[in-house]
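Notes follow the structure.
Numbering (the numbering used here), first residue to last: 161 to 637.
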């Protein structure tokens, strides 16, 4: 006799029903009021906005990811962005107008604050954290879109909001790009400011569209007649998606450029490693620039013996065969010493450069001091040229540098410069710091300035002759 067992009816697994996602009317009203209240331009909001912008700027200048994350966490910009998404779904003109004003003032205020403060900060060179926000690509759009989904879902589940929103703030990062815009405007780097602003607009539009979709799933609907309201909602969403599509064009191009750069770097390294990588030599640095069809590559080799011209020509031909006849390869060979005699040989080279001519011992007569000195000076000249070109300062180099290098001593570099006036101490300190970072060694920079201002020469000449000085000229001197 079989015994029938009553089992509960099986429920289909993984079945999504839109009705289960909707919020009750009471919770929708409460969430609407919460979003509205947190988007006011009150003193607390403005204070948090200013603090987050300044913290982000300082973190960017110091290349500190931890400080930048702190700025993201206290930024209040997510609130008006979500309010804008809610206004987009509801067709609420009043809320939309208020949100537009709050966002406009917030964006302008953050940029102006960081611009003003950056004017008084001597560190004006872009750090990796700054540069990372100047070339957005399509992946940034996807990150912002997914972050908007997560942030809006966190509002639906009030218990998990405090756990989810900090991660959303870190992922989407709306305040650091605005700080980079202010920095770029302060330092006159329009490309930097433009790229960062494109990243911010991408984040803003992506979050609004994804958040609007989640609000619609929660049950928010236009308050007008059903058919007309839904038609206008479709128009608003279509317009928003069109803006996003337009933004995607440069983002896709940037991603393609980044992928191309990675492939080019890999192919160039494969060529150079095949020709120059041995037990006693290796490629330690590789930079290249692409301007149209012209590719210029500069590689640095560290080797115990110089490679002959035939090997260099083979490398140049391989690069041209792969990237076209206009490609150019420049190779800097740096002679290094390995083994127990390395320290002795380097010390001898340091003494030679310092002016204390020390003859090598008989057993090390094969060590060529002239070659070593010329190679080191050439390397220092290359580094100095890179730093001075990127400095964007009102001076220009006049000739080759002079250098004094000593064991356990800072590298002393003297640079002849043409300038309309004496170099400011802040500029000298900045260039010294950048040279130190490039060379991984302390540097003392001496600028030998040749003044180019005729009026300045005239006043100084009269001062030297002790005649003809007017009262304003004496006060100026």
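Beta carbons: idealized from backbone N, C-alpha and C, even for Gly.
Exercise for the section: Identify every residue that forms a DSSP beta bridge with residue 445. Expected result: Stepping through the chain shown from its first residue, residue 445 is reached at position 285. Answer is 460.
Problem - Rounded straight-line distance, which links the Cα of residue 345 to that of residue 599 - result: Your numbering for residue 599 matches position 439 in the chain shown. Your numbering for residue 345 matches position 185 in the chain shown. Roughly 29 Å separates the two Cα atoms.
Exercise for the section: Apply the 10 Å Cβ neighbour rule to residue 311 and answer buried if 16 or more other Cβ atoms are within range, or exposed otherwise. Expected result: Residue mapping note: residue 311 aligns to position 151 of the chain shown, counting from 1. The residue is buried, with at least 16 neighbouring Cβ atoms inside 10 Å.
Exercise for the section: With DSSP as the reference, label residue 561 as helix, strand or coil. Expected result: Reading the chain shown from its first residue, position 401 is the one you call residue 561. Looking at residue 561 - three-state DSSP - the assignment turns out to be coil, as it is neither helix nor strand.
Problem - Between the CA atoms of residue 537 and residue 518 - distance to the nearest angstrom - result: Here the question's residue 518 lines up with position 358 in the chain shown. Here the question's residue 537 lines up with position 377 in the chain shown. Confidence at residue 518 is low in this model, with a pLDDT of 39, below 50, so its placement is unreliable and the value that follows should be read with caution. Whole-angstrom Cα-Cα distance: 18 Å.
Exercise for the section: Decide if residue 395 is buried, meaning its Cβ has at least 16 other Cβ atoms within 10 Å, or exposed. Expected result: In the chain shown, the residue the question calls residue 395 occupies position 235. Exposed, since its Cβ has fewer than 16 Cβ neighbours within 10 Å.
Exercise for the section: Enumerate in chain order the residues of its own chain whose CB-to-CB distance from residue 205 is below 6 Å, with the five nearest sequence positions on each side excluded. Expected result: To locate residue 205, count along the chain shown from 1; it is residue 45. Excluding positions up to five away in sequence, the list reads 236.
Exercise for the section: Label residue 574 either buried or exposed according to how many other C-beta atoms from any shown protein chain fall within 10 Å of its C-beta, with 16 as the threshold for buried. Expected result: By 1-based counting over the chain shown, the position of residue 574 is 414. Answer is exposed; the Cβ neighbour count stays below 16.
Problem - Inter-residue spacing [alpha-carbon to alpha-carbon] between residue 382 and residue 195 - result: For the purposes of this step, residue 382 is taken as residue 222 along the chain shown, with counting starting at 1. For the purposes of this step, residue 195 is taken as residue 35 along the chain shown, with counting starting at 1. Whole-angstrom Cα-Cα distance: 17 Å.
Problem - Within 8 Å, strictly: CB atoms of residue 463 and residue 435 - result: The residue given as residue 463 occupies position 303 in the chain shown. The residue given as residue 435 occupies position 275 in the chain shown. No. Outside cutoff.
Practice task
Rounded to whole angstroms, what's the CA-CA distance from residue 203 to residue 210? Just pull it up for me.
Solution key: For the purposes of this step, residue 203 is taken as the residue at position 43 of the chain shown. For the purposes of this step, residue 210 is taken as the residue at position 50 of the chain shown. Residue 203 and residue 210: Cα-Cα distance of roughly 11 Å.
Practice task
Just the C-alpha distance for residue 232 and residue 335, rounded to the nearest angstrom, thanks.
Solution key: If you number the chain shown from 1, residue 232 lands on position 72. If you number the chain shown from 1, residue 335 lands on position 175. Answer to the nearest angstrom: the Cα atoms are 6 Å apart.
Practice task
With hydrogens ignored, establish whether the beta-carbon of residue 560 is closer than 7 Å to any heavy atom of the ligand SAM.
Solution key: With respect to the ligand SAM, the structure shown offers nothing to examine, as it has no ligands at all.
Problem - Given 8 Å, three or more beta-carbon pairs between the segment 216-225 and the segment 238-253 - result: no
Practice task
Could you tell me the distance, in whole angstroms, from the CA atom of residue 416 to the CA atom of residue 187?
Solution key: By one-based count along the chain shown, residue 416 stands at place 256. By one-based count along the chain shown, residue 187 stands at place 27. So the two alpha carbons sit approximately 45 Å from each other.
Practice task
Report the residue from 340, 584 and 242 whose alpha carbon sits nearest the alpha carbon of residue 286.
Solution key: Locating residue 286 in the chain shown gives position 126, counting from the first residue. Ranking 340, 584 and 242 by Cα distance to residue 286 puts 340 first.
Handout entry: Top-ranked residue by Cα proximity to residue 576, from 546, 607, 588 and 592
Key = By 1-based counting over the chain shown, the position of residue 576 is 416. Nearest C-alpha to residue 576: 607.
Exercise for the section: Please work out which residues of its chain come closer than 7 Å, Cβ to Cβ, to residue 588, disregarding the five sequence neighbours upstream and downstream, and give them in chain order. Expected result: Taking the first residue of the chain shown as position 1, residue 588 is located at position 428. Result list for residue 588: 605 and 607, in chain order.
Exercise for the section: Please say whether residue 292 and residue 371 have beta carbons closer to each other than 8 Å? Expected result: As a first step, residue 371 must be located in the chain shown, where it is residue number 211. As a first step, residue 292 must be located in the chain shown, where it is residue number 132. Not a contact, by the Cβ cut-off of 8 Å.
Problem - Three-way DSSP call (helix, strand, coil) for residue 349 in this model - result: In the chain shown, the residue the question calls residue 349 occupies position 189. Three-state DSSP puts residue 349 in coil, outside helix and strand.
Handout entry: Residue of 476, 482, 487 and 439 minimising C-alpha distance to residue 465
Key = Counting from one through the chain shown, the residue named residue 465 turns up at place 305. Ranking the options by Cα distance to residue 465, first place goes to 439.
Handout entry: Residue interval of the alpha helix (DSSP H) (run including residue 465)
Key = Locating residue 465 in the chain shown gives position 305, counting from the first residue. No alpha helix (DSSP H) holds residue 465; DSSP gives it neither H nor E.
Problem - CB contact below 8 Å: residue 339 versus chain E - result: This model lacks chain E altogether; it includes just one protein chain.
Problem - residue 490: first and last residue of the uninterrupted beta strand (DSSP E) it sits in - result: Along the chain shown, one-based indexing puts residue 490 at 330. Counting along the chain, the beta strand (DSSP E) containing residue 490 begins and ends at 488-495.
Handout entry: Beta-ladder partner(s) of residue 607, from DSSP
Key = Position 447 of the chain shown holds residue 607. Answer by DSSP bridge pairing, in chain order: 575.
Exercise for the section: Give the secondary structure of residue 194 by DSSP, where H, G and I count as helix, E and B as strand, and everything else as coil. Expected result: Stepping through the chain shown from its first residue, residue 194 is reached at position 34. Three-state result, residue 194: helix.
Practice task
Since I believe residue 453 is in contact with residue 484 (beta carbons under 8 Å), could you give me their beta-carbon distance rounded to a whole number of angstroms?
Solution key: For the purposes of this step, residue 484 is identified with residue 324 of the chain shown, where counting begins at 1. For the purposes of this step, residue 453 is identified with residue 293 of the chain shown, where counting begins at 1. Contact flag correct, Cβ pair sits at about 6 Å.
Handout entry: C-alpha gap between residue 455 and residue 360, whole angstroms
Key = If you number the chain shown from 1, residue 455 lands on position 295. If you number the chain shown from 1, residue 360 lands on position 200. C-alpha separation (whole angstroms): 31 Å.
Exercise for the section: Starting from residue 586, trace the alpha helix (DSSP H) both ways and give me its first and last residue. Expected result: Residue 586 sits at position 426 when you count from the first residue of the chain shown. Where residue 586 is concerned, the enclosing alpha helix (DSSP H) stretches over 585-599.
Problem - Backbone CA spacing between residue 369 and residue 412 [nearest angstrom] - result: The sequence position of residue 369 within the chain shown is 209, counting from 1. The sequence position of residue 412 within the chain shown is 252, counting from 1. Answer to the nearest angstrom: the Cα atoms are 19 Å apart.
Practice task
Please report the residue range of the alpha helix (DSSP H) in which residue 254 lies.
Solution key: Walking along the chain shown from the start, residue 254 turns up at place 94. Start and end: 253-278.
Practice task
Take residue 301 as the anchor and find which of 492, 337, 407 and 609 has the nearest alpha-carbon.
Solution key: As a working note, residue 301 is residue 141 in the chain shown. It is 407.
Problem - Extent of the continuous alpha helix (DSSP H) to which residue 289 belongs - result: As a position in the chain shown, residue 289 is number 129, starting the count at 1. That run of the alpha helix (DSSP H) goes 288-291.
Exercise for the section: Look at residue 366 and residue 248 and say whether their C-beta atoms are less than 8 Å apart. Expected result: Here the question's residue 366 lines up with position 206 in the chain shown. Here the question's residue 248 lines up with position 88 in the chain shown. No; because the gap between Cβ atoms is not below 8 Å, this pair is not in contact.
Handout entry: Separation of residue 215 from residue 230, as counted between CA atoms
Key = The residue labelled residue 230 in the question sits at position 70 within the chain shown. The residue labelled residue 215 in the question sits at position 55 within the chain shown. Taking the straight line joining both Cα atoms gives about 8 Å.
Handout entry: residue 440, enclosing alpha helix (DSSP H) - first and last residue
Key = Along the chain shown, read from residue 1 onward, the residue named residue 440 stands at position 280. Run containing residue 440: none; DSSP gives neither H nor E here.
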